[in-house]
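A.B. asks:
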Amino acid sequence: MSKLPRFTAKDYTALKGLQAISDEQITVHLALYNGYVTRSNKLAEQLEAMLGDGKSATAEYQELKRRAGWENNGVILHELYFENLAPGGKGQGGESRFGQAIAKQYGGFDAWKADMLGVAKMPGVGWAVTYFDPSRKVFDNFWIDRHDVGHPAGYVPVVVLDLWEHAWSVYLKPTERAKYLEDFFANVSWTAVDKRGF
Ligand SMILES: [Fe+2]
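Pasting the structure below:
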């Protein structure tokens, strides 16, 4: 068994026919996801070899460790993103288990969505994530800078939205984030969201 964990790329090629988000867009995005898996595994291999050679306290090792946080989160977030999408969406946001829980906290599904959209329109590249805090049993929307900065420790990601321009720049202009946000919400699998740990 490897000391450092490896990823196995998941097959999302069946994720086709989304509303507005083109198949070509998804194909390009999946290629990018596969790159994160490849690089994460390559890093684990390099780090393991260095660990074996007694080089774990070197600056090179530490820098690769830092990079592993970036690459690993690139894999994990993309999987959560692809898995909360389905052609034309699945289930109804407001009526889902998530929708009912979020309405209780925010006073309505739309109030949560307004907060999530506020986060999602943040200038820059990153992710908008609705998290659930298992200890206080509350949700909150976070902006995650790039992949590896800003995750609340111990919280469970529930709705995951990719806001790197590569998520829409194949079928839209880079400036058309607002249209992409509409398209994302038209394709959310609330059924998948409901299976997450909240
Ligand atoms: Fe992405």
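With the first letter of the sequence shown counted as 1, position 17 gets the number -3 in my numbering; the numbers rise by one all the way through. Beta carbons are placed, not taken as given, at the ideal position from N, Cα and C, and that holds for glycine. Keep in mind the model is a prediction, meaning the values are calculated, not measured.
#1: Under DSSP, the beta strand (DSSP E) around ALA108 begins and ends at which residues?
#2: Determine whether the beta carbon atoms of TYR160 and VAL138 lie at a separation below 8 Å.
#3: Can you tell me the Cα-Cα spacing of SER2 and VAL118, whole angstroms?
#4: For ALA147, verify whether its CB is less than 7 Å away from any heavy atom of ligand 1.
#5: Apart from the five residues just before and just after LYS(-10), which ones in its own chain have a Cβ nearer than 7 Å to its Cβ?
#6: Cβ-heavy atom distance between ASP163 and ligand 1 below 7 Å?
#7: For a test of your reading of the model: does the CB of ASP142 fall under 7 Å from any non-hydrogen atom of ligand 1? Yes or no.
#8: What residue range is occupied by the uninterrupted alpha helix (DSSP H) comprising ASP128?
#9: Which parts of the region 15 to 94 are runs of the alpha helix (DSSP H), unbroken and 4 residues or longer, counting only runs that do not cross its ends?
#10: How many Å lie between TRP148 and GLN5 at the Cα?
#11: How many angstroms separate the CA atom of TYR151 from the CA atom of TYR(-8)?
#12: Please report the Cβ distance between LEU(-5) and PHE62, rounded to the nearest whole angstrom; I am assuming they are in contact, meaning their Cβ atoms lie under 8 Å.
#13: Alpha carbon to alpha carbon, how far is ASP128 from ASN53?
C.D. replies: If we stick to the structure as given:
#1: For the purposes of this step, residue 108 is taken as the residue at position 128 of the sequence shown. Its beta strand (DSSP E) spans residues 106 to 113.
#2: The count along the sequence shown starts at 1 and reaches residue 160 at position 180. The count along the sequence shown starts at 1 and reaches residue 138 at position 158. For TYR160 and VAL138, no; Cβs fall outside 8 Å.
#3: Here residue 2 corresponds to residue number 22 of the sequence shown, with the count starting at 1. Here residue 118 corresponds to residue number 138 of the sequence shown, with the count starting at 1. Rounded to whole angstroms, SER2 to VAL118 spans 35 Å at the Cα level.
#4: Reading the sequence shown from its first residue, position 167 is the one you call residue 147. For ligand 1, at least one heavy atom lies less than 7 Å from the Cβ of ALA147.
#5: The sequence position of residue -10 within the sequence shown is 10, counting from 1. Counting only Cβ-Cβ distances below 7 Å, and skipping sequence neighbours, we find GLU59.
#6: As a first step, residue 163 is located in the sequence shown; it is residue number 183 there, counting from the start. Checking the Cβ of ASP163 against ligand 1 gives no.
#7: Position 162 of the sequence shown, counting from 1, holds the residue named residue 142. ASP142: yes, Cβ under 7 Å from ligand 1.
#8: Reading the sequence shown from its first residue, position 148 is the one you call residue 128. Segment: none, ASP128 is in no alpha helix (DSSP H) and carries neither H nor E.
#9: Qualifying alpha helix (DSSP H) stretches, in chain order: 39 to 63 and 77 to 86.
#10: For the purposes of this step, residue 148 is taken as the residue at position 168 of the sequence shown. For the purposes of this step, residue 5 is taken as the residue at position 25 of the sequence shown. Approximately 7 Å between the Cα atoms of the pair.
#11: Along the sequence shown, read from residue 1 onward, the residue named residue 151 stands at position 171. Along the sequence shown, read from residue 1 onward, the residue named residue -8 stands at position 12. Each residue's Cα considered, the two are about 19 Å apart.
#12: For the purposes of this step, residue -5 is taken as the residue at position 15 of the sequence shown. For the purposes of this step, residue 62 is taken as the residue at position 82 of the sequence shown. Confirmed, about 6 Å.
#13: For the purposes of this step, residue 128 is identified with residue 148 of the sequence shown, where counting begins at 1. For the purposes of this step, residue 53 is identified with residue 73 of the sequence shown, where counting begins at 1. If I take the Cα positions, the gap works out to 6 Å.
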